[in-house]
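Quick notes on the structure that follows.
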Amino acid sequence: MEQLEKLSLHTVGDVLLHLPRRFLDRRMVTPVNLLRKGMEAVVSGRIVSVSRHGRGRGPAITALFSDDTGSITLTFFRKGFPASKLAEGMRVTACGTVEEYRGFNMVHPELYFGEDSDAPGMLPVYRLTSGLTQAAMRRLTDSVLEATADSLEELLPADAVSREGFSSRWDYYRGAHRPEDPQEALRARDLVAMEELYLYRSVLEAVRTGDRALEGLPLKPLSLERFSGSLPWPLTDAQERVCLEIAEDITSPGPMRRLIQGDVGSGKTVVAAYSCLSSALSGFTAAVLAPTEVLACQHYWSLCGFCSPFDVPVHLLTGGTPGNLRREIAEALSSRREAVLVGTHAILEDWVPLDSLGLLVIDEQHRFGVAQREKLLAGSAPRPHALVMSATPIPRTLAMTFYGDLDLSVLDTMPPGRGKTETSIVSPSEKGGVFSFMLQRLEEGERVFLVYPLREASEKSDLKDAATAYEVVRSGPMGAWGTGLLHGSMAPSEKVEVTGKFARGEIRVLVSTTVIEVGIDVPEATVMVIANADRFGLSQLHQLRGRVGRGGRNAWCFLVPGEGCSPEAMERLRVLVSTTDGFVVAEKDLRARGPGQVLGTAQHGIPEFRVADLAEDGGLVRRVNSMEAIPLERVRSLLPKERWRYGGMELPGV
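With the numbering used here, you'll find the sequence shown wraps up at 1043, consecutive numbering, no jumps.
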């Protein structure tokens, strides 16, 4: 059926997971005199009169319905059942949306006849598509429930099911579609959501179990005292703790699989440098995989500084690396494997000599797929270690779900010496003052970011674009300090050139799109102005704000809302004003936009849950994580049967 295809309902399992979006509680009858336009209501009374009309564009049947408080018209544009059954004096219960046209009316309401009608107390309302009615969807669901009454294999632990008042898996699917009361519907829905989370968590646990069974590559950790002594500043307590966790991992029998979480500026790169040096000084190559050339270059410059005291060479390989340099890198890695290779997707190419890979560091893991990670790790025995870093703070619910196959480390303290960043929302009357303030900071030798959501002007949008702003700034008073333009469509070499000039102070004002969200580390940058800030997500704004105040100076972030900024968008911006905690910001962003946009590009193999909502179901995630995972062999037997749950999507590692 074409309508079911549009809703991605291909199997009985798809229908079972197509839960009602809400329920109409038929037990709550609304008197006609209390009806309001747009209300979805249940009314109960008698048919006063029935009018059947001839051909034409108008209604086929209209019926005047009345209870003790007033009357309403029931309108039908087709003469078939149930409208054809209507007769004067008949007792009827009608369920529908109240519309207003020459008085209140309901168009094609659900009808139930008689004093003791067979209408369910809780009437499910499903998401539909054109040509599919609620009645048809309810009949289909009823037939699927009847057909699966004895065939649904149990999934959740029995005590979790009985705790919610259900006897079996089929029973709570029945409760999710045909509940006796609203509370039963909520309890049943939570169990269905827990199923999804439990199965996926068990898959990730199976991946972890498989990894633990592999032989890890034994590395000798760098002395933390020796590493700390090579730095111009002391390690934070959090950095020391995470480095020790990594040291324990790389000396354990199995391969390391660890995720480092930390807010902007918490020092993740320092921890990555410690890991890379431990690999190189043990005689193996460390590879650092970054999603963009700008970020790869930033890591390269940083790691050169960290590795220089230990005489460990660092190589940079990106899509823009010329052929002669590629050959030099290949020869260098072949002749001396005790090195660090930093790059973009280019390091995944087959010609790159990584036979002696000891450690893979992935920055911004959510921009890479499981398959890309496995391309470098699989097939090696002993197996290399993997360290994943997240440039964006991830709410714990997401981290526990999407990165459940990894051990989690959190950098929860900031290095000393960072300046304070003050965030404010700029009203139209304050723009002149912000401009004067930027000139003052430039005169003090500091640097300024101007960020716009678009690269070029669009006929469909009134947003000021970066290219236009660049021309205005370059020809104005700030142009005397040197102005650069940076956007995503530039060639990688051009991006590196512009960011290098900004870092060296050859240009002091950088007009940019969000390409600077990660990978720009300029301690002299103290002012960030974000135009049309209401068009950005909270996590993205927090990342942008993190580009300033990276030295010891105080910094300022000015959020400039666009014209017509909604009250809801303004409230989101106030979150940035009220806190600098990236995890708090990420939690707010998760609730506002959902996990997909918070994490960015979805990883290959991660399902979009049909029922579970990670923004709201943190409690269910914690409950599921406290359960004993499904054993690996049963996971393998379940997945073919439960594939409908994920729309045929492949799951990682099983």
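We treat Cβ as the ideally placed atom computed from N, Cα and C, and that holds for glycine. These numbers were taken from a predicted model, which means no experiment stands behind them.
- For the beta strand (DSSP E) containing L422, list its first residue and its last residue. It is Asn, not Leu, that sits at residue 422 in the sequence shown. N422 -> no beta strand (DSSP E), and no H or E assigned at all.
- Going by DSSP, what residues sit across from F470 in a beta bridge? According to DSSP, F470 bridges with nothing at all.
- Cβ neighbours of K820 in the same chain (closer than 8 Å, five flanking residues each side left out): Same-chain partners within the cutoff: V949.
- Could you check what DSSP says for F616 in three-state terms: helix, strand or coil? Here F616 sits in helix by DSSP.
- Item | N- and C-terminal bounds of the alpha helix (DSSP H) containing F826 | Run containing F826: K820 to E832, per the alpha helix (DSSP H) assignment.
- If we ignore side chains and look at the alpha-carbon of each, how far apart do A1018 and Y792 end up? If you take the alpha carbons of A1018 and Y792, they lie about 15 Å apart.
- Query: Out of curiosity, what's the CA-to-CA distance linking V487 and S955?
  - Reply: Cα-Cα distance, rounded: 29 Å.
- Does the distance from the C-beta atom of R1012 to that of L406 stay below 8 Å? Going by C-beta atoms, R1012 is not nearer than 8 Å to L406.
- Query: Can you give the Cα-Cα distance for G492 and V432, rounded to whole angstroms?
  - Reply: Cα to Cα, the separation comes out at about 16 Å.
- Identity of the residue in H931, P568 and L575 nearest A1001 by Cα: Distances from the CA of A1001 to each of H931, P568 and L575 were compared; the closest alpha carbon is that of L575.
- Task: Look at the Cβ atom of D600, then the Cβ atom of P644, and state whether they are nearer than 8 Å.
- Result: Between D600 and P644, the C-beta spacing is below 8 Å.
- Under the DSSP definition of a beta bridge, which residues are partnered with Y501? Looking at the DSSP assignment, Y501 forms a beta bridge with T482.
- Distance between beta carbons of V1024 and S591, contact taken as under 8 Å: The Cβ separation is near 5 Å, so the contact holds.
- Item | Spatial neighbours of P610 in its chain, beta-carbon cut-off 7 Å, leaving aside the 5 residues before and after | Cβ-Cβ distances below 7 Å link P610 to A636, I639, T640 and S667 in the same chain, with the five nearest sequence neighbours on each side left out; the list follows chain order.
- Message: Taking only three categories from DSSP, how would you classify E488?
- Response: It is a strand residue.
- Message: My parser needs the alpha helix (DSSP H) runs of 4 or more residues fully inside the segment 532 to 605; what are they?
- Response: The qualifying runs are 547 to 552, 558 to 566 and 571 to 602.
- Message: If you measure between the beta carbons of L743 and L766, is that distance less than 8 Å?
- Response: No.
- Item | Candidates G938, M827 and L408: closest to Q523 by CA position | The shortest C-alpha separation from Q523 is found at L408.
- Does the beta-carbon of G434 have 16 or more other beta-carbons within 10 angstroms, so that it is buried, or is it exposed? Classification of G434: buried, given that the 10 Å Cβ count is 16 or more.
- Query: For the candidate residues Y562, D801 and H876, whose alpha-carbon lies nearest to that of P842?
  - Reply: Ranking Y562, D801 and H876 by Cα distance to P842 puts H876 first.
- Check each candidate in V898, P805 and I783 and name the one with the smallest Cα separation from L797. It is I783.
- Residue nearest to A577 in terms of C-alpha spacing, selected from R558, D752, S967 and E952: Of the listed residues, the one whose Cα sits closest to A577 is R558.
- Beta-carbon spacing of E835, E913 below 8 Å: Yes. Within cutoff.
- Contact under 8 Å by Cβ, T464 with M495: A contact, by the Cβ cut-off of 8 Å.
- Message: So within the segment 848 to 884, which uninterrupted alpha helix (DSSP H) runs reach at least 4 residues, ignoring any that extend past its ends?
- Response: Taking 4 residues as the minimum length, the alpha helix (DSSP H) runs contained wholly in the segment 848 to 884 are 855 to 863, in order along the chain.
- Residues sharing a beta bridge with W945, DSSP: Under the DSSP definition of a beta bridge, W945 partners with E811 and V916.
- Cα separation between D403 and L396? Their Cα atoms are separated by approximately 9 Å.
- Task: Could you tell me whether the segment 805 to 824 touches the segment 930 to 949, using the rule of 3 or more Cβ pairs below 8 Å?
- Result: Touching, yes.
- With 16 as the cutoff for other CB atoms within 10 Å, does R552 come out buried or exposed? Looking at its Cβ environment, which holds fewer than 16 other Cβ atoms inside 10 Å, R552 is exposed.
- Query: For the segment 678 to 752, which segments carrying the beta strand (DSSP E) assignment without a break, of at least 3 residues, lie completely within its bounds, in sequence order?
  - Reply: Qualifying beta strand (DSSP E) stretches, in chain order: 703 to 706, 729 to 732 and 746 to 752.
- 8 Å Cβ cutoff met for P773 and L730: No, Cβ-Cβ distance for P773 and L730 is not below 8 Å.
- Item | First and last residue of the uninterrupted alpha helix (DSSP H) at R630 | For R630, the uninterrupted alpha helix (DSSP H) segment begins and ends at D626 to I639.
- Just how far apart, CA to CA, sit S825 and L831? Here the C-alpha atom of S825 lies approximately 10 Å from the C-alpha atom of L831.
- Task: Pick helix, strand or coil for L405, following the three-state DSSP scheme.
- Result: In this structure, L405 counts as helix in the three-state DSSP scheme.
- P513 bridges to which residues according to DSSP? Per DSSP, F412.
- Item | Minimum C-alpha distance to L624 - residue among T903, Y663, F502 and T537 | When only C-alpha atoms are compared, the closest one is Y663.
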